[in-house]
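First residue of the sequence shown? That's 16 in the numbering used here, and the numbers climb one at a time after it.
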Amino acid sequence: MALYIKAAEILEKVERKKGAVKTLVYDSKYQNIKQLFALVCETQKYSEVLQEIIDTTRLLKDTKLRIHLAKALVYDLLIGQGVKCGGAWKAVMLKHRSRLQAALARIKVRQKVSRNEDLLPPSMQNIGGVTIPRYVRVNTLKTTVEDVIDYLKREGYSYHGTASRLEDLYRLSGKEFLKDLHLRDLLVFSAKMDFHDHYLYKAGHIILQDKASCLPAHLLDPPVGAHVIDACAAPGNKSSHLAAIMKNKGKLFAFDLDAKRLSTMSTLLLRAGVTFQQLANEDFLKVDPLCPAYKDVTHILLDPSCSGSGMLCLSDGGSEEQRRDPERLQALAAFQLRCLNHALRFPRLQRLVYSTCSVHREENEEVVSACLQNNPAFGLVRLLPEWPERGLEPLAQCLRASVTKTLTHGFFVAMLKRRLQTPGSSMELSSRVTPPAQEERAETSVEDQPPPAKKKKRNRKKPKKQGT
Ligand code: SAM
């Protein structure tokens, strides 16, 4: 029942413009965030259809349910995977099931469609029927990819090796699974798989994380023993990924302004076996880069608050373009740029990954371009040459992600690297993303193509070679 109560509360708050779905879901403290997020998004998406069904069957009058609760229940009964509660509400839904089903069937006949999805406006339909697979990151602090594969095979899952093309991922059905083609610790299942009640999830051996959200830590790739900052860290999936890459060795300074989210993060890190973190409920912008504690920080992951427009909750009404709120975007971009400029002030910083789950150029390429204008000591690294979706021109070194091109939520990642080594910074930098020769080329192309905001002529001298 708690699922539907929370979903109804969030639906009502969103309608009254009391917050964004993503934030409200996180703040709800509901234990299965993904389940709640999916229910709210899907109910919103089908809101008009559900409203018509509820009106024509006079469900509210007969049951005394409130509209948002009724919508969430009717969604699960008719379109989702069945009502997930017992008690009075389930009994009510079952009592009215035939009338509700008949009302849905009538709408489909009227609109001459056979699938529920075809009832949605085109902007809300998954293009070509593509849905995001279920991604499962193996937590190598607690287990290995091979052990997880063996465990699942013993449970009747069917392992099909490593994917060789993106198309392999959306062909998965039932209990089939694959290793991802880009990220070696990632397993991929059909979208319908839910591991929230699985032992491996509860024991912290697997982390349920979208593939795009695994990119920042994977690309930053700090060496074991490094000193790293996760600047806007909660609820902590990227911190836990960093910890796995660094094998819990070195230092991980994680900051977040929101105490509630930070407490969720503590729980998550505990479950994931992360032991070397220093969590601080602090404004990253007020952290002193010259403080001796951070003198050896060489890597920063910056994943600041953003519009969340890449999270596939397509139903806030209208297309993404229609939902674009220029004032809000401007405020977010200004904050993101301040964070980025601040992060580059850490004296021994070598690499920084900047990421957002936004699809807006204002929060992505424009923030990075403006930052590079202010910080000529840093250049962009060309990321994963084989990745199918690039940053918008001229920042093709960066990555974008989307449901249609990468089978993930919408996402953006850039990596900045110091061009000139600071004195005494002898730390060997690993480069899992691209061979050093390509990085050199990529940095040359940054020099050659000044970011769009300020088109002054630049010196086309070859950049100095630097060891990585
Ligand atoms: N990286 C996180 C993860 O993977 O779980 C998600 C980070 S979320 C996109 C952005 C976070 O930034 C929020 O938890 C928010 O509270 C935090 N935040 C916003 N402003 C901040 C600031 N000035 N300093 C530190 N954290 C901040």
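The beta-carbon is built from N, C-alpha and C at its ideal position, and this holds for glycine as well.
Since we're looking at a predicted model, the values are computed, not measured.
Assumed close pair residue i, residue j - CB separation to whole angstroms, cut-off 8 Å
i: ALA258; j: LEU267; result: 6 Å
i: ARG353; j: ALA392; result: Not really, about 18 Å apart at Cβ, beyond 8 Å.
i: ALA206; j: ARG149; result: 6 Å
i: PHE426; j: LEU196; result: That belief does not hold up - the Cβ atoms of PHE426 and LEU196 are roughly 17 Å apart, past 8 Å.
i: LEU398; j: LEU234; result: 6 Å
i: GLU381; j: ALA348; result: 6 Å
i: SER519; j: LEU300; result: It is not possible to answer for residue 519, since the shown part of the chain is limited to 16 through 483.
i: SER320; j: VAL374; result: Contact flag wrong, Cβ pair sits at about 15 Å.
Coil, strand or helix - residue i by DSSP
i: TYR61; result: coil
i: ARG276; result: helix
i: VAL302; result: coil
i: LYS28; result: helix
i: SER113; result: helix
i: LEU84; result: helix
i: GLY323; result: coil
i: HIS256; result: helix
i: GLY102; result: helix
i: VAL374; result: coil
i: THR282; result: helix
i: ALA249; result: coil
i: ILE14; result: Residue 14 lies beyond the residue range present for the chain, which begins at 16 and ends at 483; the question has no answer from this structure.
i: GLN126; result: helix
i: ASN47; result: coil
i: LEU92; result: helix
i: ASP209; result: coil
i: ILE20; result: helix
i: PHE52; result: helix
i: ASP165; result: helix
i: ARG121; result: helix
i: MET108; result: helix
i: LEU215; result: helix
In DSSP terms, what residue i is bridged to
i: LEU267; result: VAL243, GLN292
i: HIS424; result: None, per the DSSP bridge assignment.
i: THR158; result: Paired residue(s): none; THR158 is not in a bridge.
i: ILE221; result: VAL153
i: THR313; result: Answer is none; THR313 lacks a bridge partner.
i: GLY394; result: LYS432
i: THR177; result: LYS194
i: ARG405; result: LEU414
Extent of the continuous alpha helix (DSSP H) run through residue i
i: SER370; result: Segment 366-371 is the beta strand (DSSP E) holding SER370; no alpha helix (DSSP H) there.
i: HIS357; result: 341-358
i: SER384; result: 380-389
i: ASP42; result: 36-42
i: CYS229; result: 226-235
i: LEU74; result: 74-78
i: TYR172; result: Counting along the chain, TYR172 falls outside any alpha helix (DSSP H), and DSSP gives it neither H nor E.
i: GLU182; result: 182-185
Run of the beta strand (DSSP E) containing residue i, from where it starts to where it stops
i: VAL203; result: 201-204
i: PHE192; result: 191-194
Distance cut-off 6 Å: residue i Cβ against heavy atoms of the ligand GTP
i: CYS229; result: The model depicted lacks the ligand GTP and carries the ligand SAM instead.
Any 3 or more C-beta pairs closer than 8 Å across the region 354-367 and the region 300-315: yes
Sufficient close CB pairs (3 or more, under 8 Å) joining the region 35-47 to the region 61-70: no
Inter-stretch contact (C-beta, 8 Å, three-pair minimum) for the region 211-222 and the region 152-168: yes
The region 106-115 / the region 80-93 touching (three or more Cβ pairs under 8 Å): yes
Contact the region 371-390 vs the region 158-171: 3+ CB pairs below 8 Å: no
Segment contact, 8 Å Cβ cut-off, at least three pairs: the region 242-251 with the region 291-309: yes
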